[in-house]
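Going down the list, the sequences are from chains A, B, C and D.
The first sequence lines up with residues 1 to 402 when you count with full-length UniProt numbering.
The second sequence lines up with residues 1 to 402 when you count with full-length UniProt numbering.
The third sequence lines up with residues 1 to 402 when you count with full-length UniProt numbering.
The fourth sequence lines up with residues 1 to 402 when you count with full-length UniProt numbering.
Cβ atoms here follow ideal geometry from the backbone N, Cα and C, with glycine treated the same way.
Being a predicted model, the structure only gives us computed values, none of them experimental.
4 protein chains.
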Amino acid sequence: MGQPQQPEGAEGGKPPLGIGMVGYAFMGAAHSQGWRTAGRVFDLPLRPVLAAVCGRDGAAVRAAADRHGWAAAETDWRALIARDDVDLVDICTPGDSHAEIALAALAAGKHVLCEKPLANSVAEAQEMARAAEAAQERGQLAMVGFNYRRVPATALARRMVAEGRLGTLRHVRVTYLQDWLVDPGFPLTWRLRKESAGSGSLGDLGAHIVDLAQFLVGEPLAGVSALTETFVRERPLPAGATSGLSGAPTAGTGQVTVDDAALFTGRFASGALASFEATRYATGRKNALRIELNGEHGSLAFDLERLNELHYHDGTEPGTHAGFRRILVTEPDHPYLDAWWPPGHGLGYEHTFVHQARDLVHAVAEGSRPEPSFADGLQVQRVLAAVEESAEKNSVYTPVAV
Amino acid sequence: MGQPQQPEGAEGGKPPLGIGMVGYAFMGAAHSQGWRTAGRVFDLPLRPVLAAVCGRDGAAVRAAADRHGWAAAETDWRALIARDDVDLVDICTPGDSHAEIALAALAAGKHVLCEKPLANSVAEAQEMARAAEAAQERGQLAMVGFNYRRVPATALARRMVAEGRLGTLRHVRVTYLQDWLVDPGFPLTWRLRKESAGSGSLGDLGAHIVDLAQFLVGEPLAGVSALTETFVRERPLPAGATSGLSGAPTAGTGQVTVDDAALFTGRFASGALASFEATRYATGRKNALRIELNGEHGSLAFDLERLNELHYHDGTEPGTHAGFRRILVTEPDHPYLDAWWPPGHGLGYEHTFVHQARDLVHAVAEGSRPEPSFADGLQVQRVLAAVEESAEKNSVYTPVAV
Amino acid sequence: MGQPQQPEGAEGGKPPLGIGMVGYAFMGAAHSQGWRTAGRVFDLPLRPVLAAVCGRDGAAVRAAADRHGWAAAETDWRALIARDDVDLVDICTPGDSHAEIALAALAAGKHVLCEKPLANSVAEAQEMARAAEAAQERGQLAMVGFNYRRVPATALARRMVAEGRLGTLRHVRVTYLQDWLVDPGFPLTWRLRKESAGSGSLGDLGAHIVDLAQFLVGEPLAGVSALTETFVRERPLPAGATSGLSGAPTAGTGQVTVDDAALFTGRFASGALASFEATRYATGRKNALRIELNGEHGSLAFDLERLNELHYHDGTEPGTHAGFRRILVTEPDHPYLDAWWPPGHGLGYEHTFVHQARDLVHAVAEGSRPEPSFADGLQVQRVLAAVEESAEKNSVYTPVAV
Amino acid sequence: MGQPQQPEGAEGGKPPLGIGMVGYAFMGAAHSQGWRTAGRVFDLPLRPVLAAVCGRDGAAVRAAADRHGWAAAETDWRALIARDDVDLVDICTPGDSHAEIALAALAAGKHVLCEKPLANSVAEAQEMARAAEAAQERGQLAMVGFNYRRVPATALARRMVAEGRLGTLRHVRVTYLQDWLVDPGFPLTWRLRKESAGSGSLGDLGAHIVDLAQFLVGEPLAGVSALTETFVRERPLPAGATSGLSGAPTAGTGQVTVDDAALFTGRFASGALASFEATRYATGRKNALRIELNGEHGSLAFDLERLNELHYHDGTEPGTHAGFRRILVTEPDHPYLDAWWPPGHGLGYEHTFVHQARDLVHAVAEGSRPEPSFADGLQVQRVLAAVEESAEKNSVYTPVAV
């Protein structure tokens with residue numbers, strides 16, 4: 001009776017690209033939406049096929065496959081990688097498993113998309129970047145999921161910086177503010193333990209803003225000076241938590257072993273100064289990834305809570321009529337926008353994953369090098385390591401390793 | 001070989017609801033996204049199946065079917081309605097064909113979703129509403145596609161009004177501002193001719209804001225006083241236009257026979273005053289559907305260009321700390337939001353169609369009456385007719401027929 | 001020798017212009033600030049001297065003189081006009097006394113500044129305009145106090161319209177929203193009685209926005225269609241109210257005999273459409289005089305609650321980088337700004353009165369015709385009369401008398 | 001008897017407070033406006049008399065006296081201090097002369113108001129604070145002019161923090177962004193030379209935000225980690241510059257010897273983290289002093305470019321209706337507002353000087369200790385010194401001396 005959503009001769013006429021996804025929680029849902037939608041909106045050279053999804057709990061992963069539209073479900077990621085109908089492995093697990101899965105997938109000849117942060121340590125990230133470099137020469141691609149490069153407004157910002165509209169950059173000012181840890185009664189989840197999460201707001205939010213800042217500026221950070229803090233050091237164990245969490249000073253609570261907030265300043269090689277703040281304690285700020293660039297000839301400002309807007313000040317205009325203008329980034333000649341809706345009809349968060357899927361499919365078809373690469377992910381990891389080192393060493397300015 | 005996007009035992013285990021869509025342009029693309037996505041994000045009682053899409057140009061409709069994920073393509077809407085695998089007919093054509101298709105679909109025992117405005121005349125809309133009423137008694141549902149009721153922020157606004165948070169309403173202030181006709185060189189498309197489009201900004205934009213205002217207030221407009229205007233009365237014929245357009249005063253141009261802008265004031269039965277403005281000449285405003293409600297106890301303000309926000313002033317608070325607050329409508333207890341992303345991760349325009357599909361599928365499964373009904377669509381039509389009558393009669397206050 | 005604030009040889013060296021002010025409440029305080037400050041900030045050709053202030057209650061007017069810096073106090077406005085040291089009479093009383101005082105002052109050879117609205121009726125305003133015209137020929141000036149023309153941002157807006165930056169205007173959208181009558185327990189002050197106030201929100205707020213719109217557009221309104229409403233028709237008598245208020249239906253309350261809100265649409269002769277709303281029931285809006293102009297080549301938007309900003313969309317720019325820009329109207333080449341603070345250091349409400357004083361002093365010294373003239377005030381009065389007539393005649397479109 | 005602006009029996013009935021001001025440029029103009037206006041708006045216990053102003057250029061100071069309303073002009077600040085009619089010395093000169101003048105004024109038994117920063121070095125500031133402490137015991141007051149404490153919105157913010165509305169503070173985020181040095185052709189004024197200005201953006205803008213942050217938090221910074229930068233190290237000499245500027249590498253240019261920008265992070269003793277940025281290179285930002293406080297129970301945000309607004313998030317409300325609210329700080333129960341205009345009628349930059357004058361006059365009359373005191377000014381100086389030390393020592397975290 002047919003394939004209701006994949007009719008013969010249609011998108012079906014294009015060569016398939018089989019996707020296998022590991023992990024199906026928040027990120028898995030977002031990536032699924034990206035893979036399902038990219039070929040419906042954009043004219044892609046390959047047809048993404050949601051071949052199989054993988055998770056440890058068999059019943060749960062089958063339910064997730066049904067919900068999100070994956071043809072098969074696996075409970076062993078090695079089995080997923082081994083499937084013939086999987087050409088690309090999409091890793092949506094926590095950071096402590098990224099390296100092992102990505103290395104195995106590359107070794108098995110698959111393309112890889114890996115969620116950020118690339119790894120929980122520089123050493124792991126280095127190994128992954130080396131493996132990706134070797135794989136690229138064999139025609140296998142590896143990309144890291146810094147999806148905020150693919151908001152149309154940030155992509156437009158990058159284009160404008162690259163066009164020279166801002167001139168020499170002086171200041172880069174970035175925050176990523178959330179507030180879900182403000183309540184001291186919020187439980188001690190795996191994200192608050194170093195052994196599982198690697199770090200706290202630094203790796204979660206800080207990784208995003210370091211990548212985005214370097215992407216927009218077009219060069220890496222040279223060095224940083226940092227403060228980190230854990231405001232609430234003991235939290236109730238989550239319901240059903242095993243006693244395996246060490247260091248619980250009293251029955252029913254456990255120690256937070258990651259940072260709650262990270263502040264750092266830094267320098268770009270070309271001389272721009274930067275400030276960064278990542279926190280989960282900014283009451284009332286839900287997803288305030290804000291970035292402002294000030295250059296000799298202009299400035300740009302973006303706020304993820306209003307993601308369809310880019311604010312631009314053209315410093316070359318006469319001051320009489322100059323001002324920050326709100327560009328509604330929904331015009332056909334804005335990045336990604338020719339495929340979507342008429343001007344003024346905004347996009348949302350999940351569209352970044354559609355764009356990510358679009359760009360990766362194009363790169364696979366063309367054999368080009370995807371961005372952000374694992375090398376870019378490694379570079380972010382090095383910045384995070386320098387932040388941690390500076391914070392441990394009394395905030396002393398710490399160069400980022402090259 | 002399997003159904004890559006509809007695995008056995010998955011969503012596939014639910015009873016199917018076969019969708020047949022007529023028209024596949026802008027609205028068709030948006031509706032397709034709604035039907036494809038609703039069951040992936042929400043836990044629906046039925047499984048929407050994109051059975052067939054219909055259009056006059058065989059090659060084009062087959063390409064659209066492939067692109068948007070429809071299993072089959074038809075070139076005759078009567079054939080589409082006749083298909084056994086079509087349970088619900090989704091009408092995305094221009095307004096002059098709504099009545100005929102909707103009446104035939106209802107007569108054929110199908111559920112109907114019809115794009116707005118419901119029809120190009122009150123007479124047609126009346127017939128449609130009568131047919132829908134009869135069909136409802138047979139268990140067939142009919143809904144009109146005023147999708148802006150299903151922005152989470154507007155749905156929250158309605159909930160807050162219904163909870164009495166604003167008290168007696170005093171003012172309703174609504175605009176829908178676009179700017180795509182500012183350039184006098186923009187061609188004379190079908191939207192600018194009365195015989196095809198019925199009216200101009202009034203039926204296109206005005207219908208949306210009349211419905212939204214009545215929905216939020218919870219009662220119909222009692223009467224209106226109106227001005228309409230056509231600023232640019234002659235425009236170049238579109239490339240490839242046939243000579244069929246009458247009234248072209250010079251070679252290569254033709255007359256605009258619909259309104260460019262419509263302004264009207266009005267009264268709600270309970271005493272609130274309202275003002276409306278619909279225009280395609282508001283330079284720089286791309287999709288500025290803005291509505292503000294002022295009540296005895298509070299106020300609400302919404303702007304479609306920032307659709308994840310609702311601004312609320314609680315007038316019962318001490319003035320010292322009172323002010324319009326920006327509610328980021330992305331919390332789990334906001335309408336539709338429990339199924340989407342974490343707080344602060346915004347939605348876009350197309351999500352209104354996902355929500356519309358969700359709500360209609362629930363209504364079909366439960367046999368309940370969907371909103372907005374064809375009766376609601378008729379009521380909007382009556383307001384538009386009163387607007388036109390008032391504009392013709394020197395703006396005299398004109399009651400809306402009941 | 002003891003003129004602490006007027007040292008010899010200083011501003012004192014300039015010829016004096018003696019000011020006599022009638023009324024010393026809210027407007028009197030604002031005008032006093034204007035007269036005291038204008039010569040301190042701007043380089044004026046004449047030295048404003050605060051000669052005398054007038055009010056009916058001797059003790060109160062003496063206290064006001066002391067507070068606001070007036071050299072003498074009078075209790076009879078005819079005596080004030082008769083003073084030799086008074087060259088210019090500044091009328092800050094309620095509207096029902098404007099005509100009598102202004103006519104007497106002009107007859108006595110004085111310049112006149114009269115608060116808005118010019119009068120409580122067209123007939124009075126006509127007589128005043130005729131008298132002003134005759135006086136102008138004798139070298140006496142008469143100006144009406146529409147101070148919102150002298151916010152730097154509105155003055156800049158006018159300059160930009162006059163420069164042709166907006167091209168042919170299509171839409172003028174104006175509201176003046178306040179909320180101080182929302183509480184039905186607010187007492188029945190003189191402002192809510194027709195015999196004293198002339199009208200309600202229409203004369204108070206509506207007069208401002210009609211003048212501002214006509215000023216910005218640069219031409220008069222041709223006609224209007226209007227709705228007015230009194231939401232709360234009975235209010236408690238103010239503490240200490242005499243029994244003189246007629247029509248009190250129950251002990252302790254009285255009837256509101258003016259409009260609470262006025263909505264009207266209209267047309268400018270050149271074809272632009274306009275909408276106006278004036279209300280004291282917009283909960284949470286404190287002083288929201290907002291105006292937006294949409295023209296063929298650009299748009300401007302202003303909000304009195306953020307009076308240092310003008311928002312400008314340049315429609316001639318490529319859409320890629322276009323958007324409404326926030327001009328911070330604090331640059332040295334913005335109107336009035338060369339005399340104030342560095343860029344970004346904003347002004348406030350009262351500065352409009354300083355600018356009004358500045359411009360009037362210049363006009364007196366130069367013998368030029370001040371703007372807005374009494375003729376401008378009369379024109380506003382005619383619009384208000386047309387609004388009232390339309391509201392009484394079922395909103396029918398009513399031409400503004402010329 | 002002819003004091004046009006100071007009538008007998010009026011404000012004149014109050015005991016006078018003779019003011020003598022040193023310096024009459026930008027700050028002198030602002031202070032003059034404050035002294036002239038305070039007693040006209042507020043009901044003060046003493047009557048400020050603008051007795052004499054002092055500057056080195058006799059003709060210029062006499063013109064300034066005339067313009068700004070000072071009764072006499074002096075060319076020697078020691079003469080000014082010696083005048084019997086001067087009770088309070090107001091120091092508006094550059095920082096390098098503050099200490100000498102303030103110490104002499106205190107020694108002469110005068111009250112002192114000294115512009116910020118208190119001095120160009122900690123040593124000077126220490127001496128001044130010691131002298132002020134001794135003077136306070138003799139009934140002489142000393143205040144430093146951190147005027148931004150007296151914006152109604154910041155004063156309201158302090159009140160809300162003190163009331164505990166924010167709970168334990170987690171984050172303090174402050175920037176002061178200007179852009180007047182973006183053009184490398186801007187000349188090498190005295191503000192860009194260390195010998196005259198002490199420091200660059202740090203002492204000018206940084207001093208303001210350090211004071212404001214400490215004022216709002218209610219405790220001093222414990223330590224800082226800093227980066228500073230001079231982006232443009234050589235600039236053209238100003239027209240008419242003497243050759244006295246050393247280090248000019250080429251004819252016609254000279255070296256910038258102060259910082260262009262300063263970034264620093266820090267900790268408050270109670271555990272809150274803070275970040276600061278002061279720069280003159282933020283293209284398009286004219287006076288963007290922005291501060292945000294995030295506490296366990298709420299957040300506050302302020303922007304000097306919109307100085308009539310305070311944004312408040314009440315974290316104790318249910319998330320459903322919570323959001324940052326825009327408080328228009330123009331209500332009668334807001335700080336300083338009972339004496340000004342009706343709600344929604346905003347104030348401007350210069351009002352901070354009126355409020356400063358008001359508060360100081362009250363303190364003098366009551367013999368209380370004014371805030372900010374010289375001790376507060378010294379504390380700010382110590383923070384600036386710690387910033388410079390950290391910047392010199394590779395950003396190492398540097399405790400602020402106590």
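Whole angstroms are fine: how far does the CA of residue j sit from the CA of residue i?
i         : j         : result
ASP338(A) : GLY34(B)  : 19 Å
HIS171(B) : PRO220(C) : 27 Å
GLU350(B) : ASN147(B) : 9 Å
PRO236(D) : VAL256(D) : 10 Å
ALA282(C) : LEU273(B) : 11 Å
PRO372(C) : VAL144(C) : 6 Å
PRO184(A) : VAL258(A) : 15 Å
ARG150(B) : ALA261(A) : 37 Å
PHE353(B) : ASN308(B) : 15 Å
Please list the partners that residue i has in chain B, where partner means a Cβ-to-Cβ separation under 8 Å.
i         : result
ARG170(D) : Going along chain B, no residue has its Cβ under 8 Å from ARG170(D), so there is no contact; the nearest lies around 18 Å.
Where do the ends of the alpha helix (DSSP H) carrying residue i lie?
i              : result
residue 472(D) : Past the edges of chain D, shown from 1 to 402, lies residue 472(D), and the structure says nothing about it.
GLN33(A)       : 26-41
Look up residue i in the DSSP assignment and give the residues it is bridged to.
i         : result
PHE231(A) : None, per the DSSP bridge assignment.
HIS313(C) : SER299(C)
PHE268(C) : LEU221(C)
ILE19(C)  : LEU50(C), LEU88(C)
HIS171(A) : LEU273(A), ASN294(A)
Is residue j closer than 8 Å to residue i when the C-beta atoms are compared?
i         : j         : result
ARG290(D) : THR175(D) : yes
CYS114(C) : MET27(C)  : no
ALA105(D) : VAL89(D)  : yes
VAL400(A) : GLY223(A) : yes
ARG83(A)  : ALA63(A)  : no
Could you tell me which chain B residues have their CB closer than 7 Å to the CB of residue i, listed as they occur along the chain?
i         : result
LYS393(A) : Near LYS393(A) there are no residues of chain B at all, since even the closest Cβ is about 34 Å away, more than 7 Å.
State yes or no: is the beta carbon of residue i nearer than 8 Å to at least one beta carbon in chain G?
i         : result
TYR312(A) : Included in the structure are the protein chains A, B, C and D, with no chain G among them.
What residues of chain A sit near residue i, judged by a beta carbon separation below 8 Å?
i         : result
GLY206(D) : None at all; the shortest Cβ gap to chain A is about 14 Å.
PHE302(D) : Correct list: empty, because the minimum Cβ distance to chain A is about 14 Å.
Please list, in chain order, the chain D residues whose beta carbon lies closer than 7 Å to that of residue i.
i         : result
ARG306(C) : ARG306
SER97(A)  : What SER97(A) touches in chain D: nothing, since even the nearest Cβ is about 32 Å away.
Mind pulling the chain A residues with CB within less than 7 Å of residue i?
i         : result
HIS321(C) : TYR312, ILE327
Would you mind telling me which residues of chain C sit closer than 8 Å to residue i, beta carbon to beta carbon, in chain order?
i         : result
HIS355(A) : Per Cβ cutoff of 8 Å: no residues; HIS355(A) is ~18 Å from chain C at best.
Along chain C, which residues have their Cβ under 7 Å away from the Cβ of residue i?
i         : result
SER275(B) : LEU263, SER275, GLU277
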